[in-house]
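Protein chains in written order, with our numbering: chain A, 4 to 452; chain B, 4 to 452. The beta carbon of each residue, even a glycine, is placed where N, CA and C say it ideally should be. These notes concern the structure reproduced below.
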């Protein structure tokens with residue numbers, strides 16, 4: 004069977020509900036809010052990422068003829084409904100926080116207003132896309148914070164959950180301040196600097212470490228990074244020193260050595276000593292191997308002479324928290340606010356806006372979640388912006404450099420206690436008086452249905 | 004910039020090493036072993052998955068003209084080397100365990116023998132592909148085991164790490180015994196049954212739960228599953244009972260109700276009571292909401308009347324263990340065994356075979372990792388099979404149904420203590436005498452380099 008088009012990346016219930024809406028003539032305008040219900044342990048903020056893909060998807064919404072044939076094959080769908088799907092395109096509006104924004108639990112990062120079937124059919128993709136990229140950007144931002152200005156490079160292509168996840172991870176981590184990625188495809192696709200050293204296999208393929216280093220230096224006389232821990236780390240450093248001196252005599256320079264196992268802080272200090280004793284002060288030390296924000300912080304705190312970090316698996320799968328409670332909830336239908344009351348999963352009704360109040364130095368003080376049409380003078384700047392109207396994207400996708408600049412600015416304005424790697428202070432997010440009143444009324448009404 | 008081709012899904016070091024090999028004329032035949040270094044907490048086996056994609060990739064190995072242009076743009080590559088890459092295709096051989104096999108830490112699941120540059124350039128994709136699908140299949144197999152024959156459906160499309168991960172997850176979980184997936188695209192692509200119920204948004208869109216249920220039943224008179232926890236679960240069950248009776252009077256039948264929050268075991272018992280009191284014995288109860296193998300096991304152990312489970316996020320990201328220590332190590336170059344000795348990461352040299360010994364009832368007793376050319380009579384059946392030779396795939400990809408049957412057979416033959424959800428007993432994996440002797444010799448030699 005041919006691969007289905009992106010339009011079929013839906014949970015089946017979106018299509019069955021759509022048919023039931025279509026049969027019952029319930030096709031009015033709906034607003035859905037996308038938000039994250041909570042912060043996991045050791046998190047007090049989220050970094051918004053993924054909107055570019057969302058806006059691309061809005062234009063790819065239409066099922067193909069093959070898709071419709073495949074749906075017919077599933078059984079259960081009314082031929083009239085499938086005809087209706089054939090002509091379907093997204094005609095609604097989106098309001099969203101820009102990529103690189105910082106947001107908090109229970110704040111809508113995106114709202115979709117559209118005929119209910121169109122809005123419902125976006126659910127799975129929107130959550131999938133924004134959950135992945137937001138989780139990755141948030142995790143990576145913690146590493147950048149821990150590295151305190153040192154170079155950080157994404158090494159996770161091999162352990163990310165698929166090639167798509169690896170691609171989005173490289174982009175999201177560059178957006179929050181990484182220096183680049185080892186992932187060539189992602190580097191080219193997004194214009195991100197690529198970094199590469201050598202693998203242990205390269206070293207083991209030669210008769211000795213020094214021979215392996217010489218062969219690599221012959222090919223990359225000014226950009227070599229030697230991996231020194233294949234057999235015995237300090238022995239590897241000595242071999243690197245030997246070859247680095249030969250390179251210097253030839254008018255070239257070794258860029259760095261890489262440590263990839265063992266006590267990285269201790270080994271880096273010993274390696275620095277050997278390099279400096281040989282007058283190789285300009286050779287940097289790069290560390291990798293099972294690192295995450297906690298490993299990076301501990302090396303930095305120890306004052307270890309590590310100039311850059313390669314971070315892989317634990318960050319690339321956000322190992323301590325590999326998902327968010329990202330949801331997409333109906334908040335208004337046909338002009339009326341709606342909500343659910345399920346245990347532990349209650350939602351806030353109505354179209355919303357999020358306001359951020361800052362102090363005179365620009366630092367974030369608190370956010371207020373309010374109704375979209377509520378006057379909120381004094382609550383700060385509104386964060387949700389219109390990005391699509393009548394099915395057409397209304398803002399150009401910013402370049403990755405602009406997203407990176409936005410994140411850097413926003414992160415700097417978030418007070419430190421919210422950025423702590425362990426047990427950060429939760430940020431003050433309030434619900435406006437009118438929204439709270441609406442929630443009470445809607446909950447009473449719903450409880451009486 | 005156009006999207007790079009799959010051939011560029013490599014870590015940059017694979018290309019830089021390739022150039023260094025090319026410059027130094029070190030282009031002999033190499034064998035790389037792909038294996039997983041360890042079992043994480045609460046795991047004692049892995050389920051092999053992803054080979055179909057690997058074999059597809061072997062045929063897609065060739066970089067495009069745009070790829071080469073993009074590499075030229077990165078700088079640092081010799082034009083002669085880029086010309087060499089232009090003509091490159093994979094000419095080597097692969098030996099692998101079939102998908103659906105069970106394997107253990109430090110056993111090669113795949114070995115690649117090819118000119119070293121070709122073998123090296125596959126590294127990132129092979130690890131990415133087999134790591135993802137093996138982690139997913141293994142996690143899902145635990146849920147199937149916990150469910151003890153009850154229906155399990157994949158609900159994780161929205162929280163998997165991207166649309167590709169969601170697709171592979173649906174396939175891997177069906178391979179290990181799920182009944183199907185909610186992911187329409189994956190269901191169509193792989194021929195997996197699709198399941199769908201309704202969302203809370205559907206219920207909240209109507210004036211009452213009963214009205215929502217009636218609208219859905221009108222569209223799906225024989226396949227409806229009503230979601231009952233939008234406001235108050237037992238109130239929702241009563242509304243479902245009302246509508247189910249109306250359906251019965253019209254000669255139709257409600258298929259099931261779904262519980263999605265709260266105390267699922269307790270609520271299922273109460274719901275079963277309400278359904279049975281109304282004579283609706285044929286209506287099943289389906290449970291979902293934050294479930295993983297532990298949640299499923301606890302519901303099953305409580306004897307709760309749950310007929311099927313929808314499992315999402317925690318399984319879809321393998322939350323307790325979202326990666327494996329899957330690596331790809333050079334074990335032989337130009338006829339000589341090689342290994343690395345890095346702290347905590349030492350590898351076994353030489354081309355290998357894995358033998359599985361079974362008792363007279365077919366149950367697995369122990370595995371032996373041996374050299375590929377070592378006589379191993381009495382060690383059991385060999386597990387690695389040739390799947391590609393001289394760059395050509397030599398075995399047809401089995402249909403998913405055959406992979407599912409293989410897994411079912413293999414899993415049944417694995418003794419229960421290795422399948423325990425908590426602290427399983429580790430399986431007996433031995434290293435053959437000749438391999439151990441080779442390791443010692445190679446380690447002594449490497450330590451003296």
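Contacts of residue i in chain B (Cβ-Cβ under 9 angstroms)
i	result
residue 363/A	Here the premise fails: no neighbours, minimum Cβ distance about 41 angstroms.
residue 29/A	208, 209 and 218
residue 429/A	By Cβ distance, chain B contributes nothing, its closest Cβ being about 22 angstroms from residue 429/A, past 9 angstroms.
residue 265/A	345, 346 and 347
Straight-line Cα distance separating residue j from residue i
i	j	result
residue 157/A	residue 186/A	8 angstroms
residue 359/A	residue 98/A	16 angstroms
residue 419/B	residue 296/B	16 angstroms
residue 441/B	residue 108/B	20 angstroms
residue 372/A	residue 357/A	5 angstroms
residue 351/A	residue 266/B	23 angstroms
residue 450/B	residue 235/A	8 angstroms
residue 400/A	residue 111/B	45 angstroms
residue 113/A	residue 212/A	53 angstroms
residue 62/B	residue 150/A	41 angstroms
residue 499/A	residue 180/B	Absent from the structure is residue 499/A, since the part of chain A shown begins at 4 and ends at 452.
residue 40/A	residue 405/A	28 angstroms
residue 177/A	residue 139/A	11 angstroms
residue 250/A	residue 228/A	13 angstroms
residue 396/B	residue 58/B	7 angstroms
residue 416/A	residue 369/A	12 angstroms
Endpoints, the beta strand (DSSP E) within which residue i is located
i	result
residue 316/B	Careful: residue 316/B lies outside any beta strand (DSSP E), inside the alpha helix (DSSP H) at 316 to 319.
For residue i, three-class secondary structure by DSSP
i	result
residue 9/A	helix
residue 234/B	coil
residue 388/B	strand
residue 4/B	Low per-residue confidence applies at residue 4/B: pLDDT is 48, beneath 50, and the placement is therefore not dependable, though the value from the model is reported in the following sentence. Coil at residue 4/B, not helix or strand.
residue 229/B	strand
residue 424/A	coil
residue 290/B	strand
residue 84/A	helix
residue 332/B	strand
residue 341/A	coil
residue 34/A	strand
residue 360/A	strand
Where the alpha helix (DSSP H) containing residue i begins and where it ends
i	result
residue 444/A	436 to 450
residue 24/B	15 to 27
residue 74/A	68 to 77
residue 167/B	166 to 178
residue 132/A	126 to 150
residue 219/B	212 to 222
residue 55/A	54 to 62
residue 299/B	296 to 304
Beta-carbon neighbours of residue i, restricted to chain A and to distances below 7 angstroms
i	result
residue 386/B	None at all; the shortest Cβ gap to chain A is about 24 angstroms.
residue 316/B	326
residue 15/B	185, 187, 197, 198 and 199
residue 79/B	223 and 226
Cross-chain neighbours of residue i in chain A, by beta carbon under 8 angstroms
i	result
residue 234/B	343, 344, 345, 449, 450 and 452
residue 41/B	Here the premise fails: no neighbours, minimum Cβ distance about 12 angstroms.
residue 294/B	In chain order: nothing, as chain A lies at least about 14 angstroms away.
Proximal residues of chain A, C-beta to C-beta of residue i below 9 angstroms
i	result
residue 167/B	164, 165, 166, 167 and 168
Proximal chain B residues relative to residue i, where beta-carbon distance stays under 7 angstroms
i	result
residue 135/A	164 and 165
residue 459/A	The structure shown does not extend to residue 459/A, since chain A is modelled only from 4 through 452, so no value can be given for it.
Please confirm if the segment 5 to 22 of chain B is in contact with the segment 378 to 393 of chain A, defined as three or more CB-CB distances below 8 angstroms between the two stretches.
No: the two stretches stay apart, fewer than three of their Cβ pairs being nearer than 8 angstroms.
Evaluate the contact criterion for the segment 81 to 95 of chain B versus the segment 121 to 132 of chain B: three or more CB pairs, one atom per stretch, below 8 angstroms.
yes
Three or more beta-carbon pairs under 8 angstroms between the segment 44 to 52 of chain A and the segment 137 to 150 of chain A, yes or no?
Yes, the segment 44 to 52 of chain A is in contact with the segment 137 to 150 of chain A.
Would you call the segment 30 to 42 of chain B and the segment 315 to 335 of chain B touching, i.e. three or more CB-CB distances under 8 angstroms?
yes
Counting pairs of beta carbons, one from the segment 20 to 27 of chain B and one from the segment 202 to 221 of chain A, are three or more of them closer than 8 angstroms?
yes
Determine, using beta-carbon pairs with one atom in the segment 250 to 263 of chain B and one in the segment 282 to 294 of chain B, whether at least three such pairs fall under 8 angstroms.
yes
Is there contact between the segment 338 to 349 of chain A and the segment 299 to 316 of chain A, where contact requires at least three CB pairs shorter than 8 angstroms?
Too few Cβ pairs lie closer than 8 angstroms, so no.
The segment 157 to 168 of chain A contacting the segment 72 to 90 of chain A, beta-carbon criterion three pairs below 8 angstroms
no
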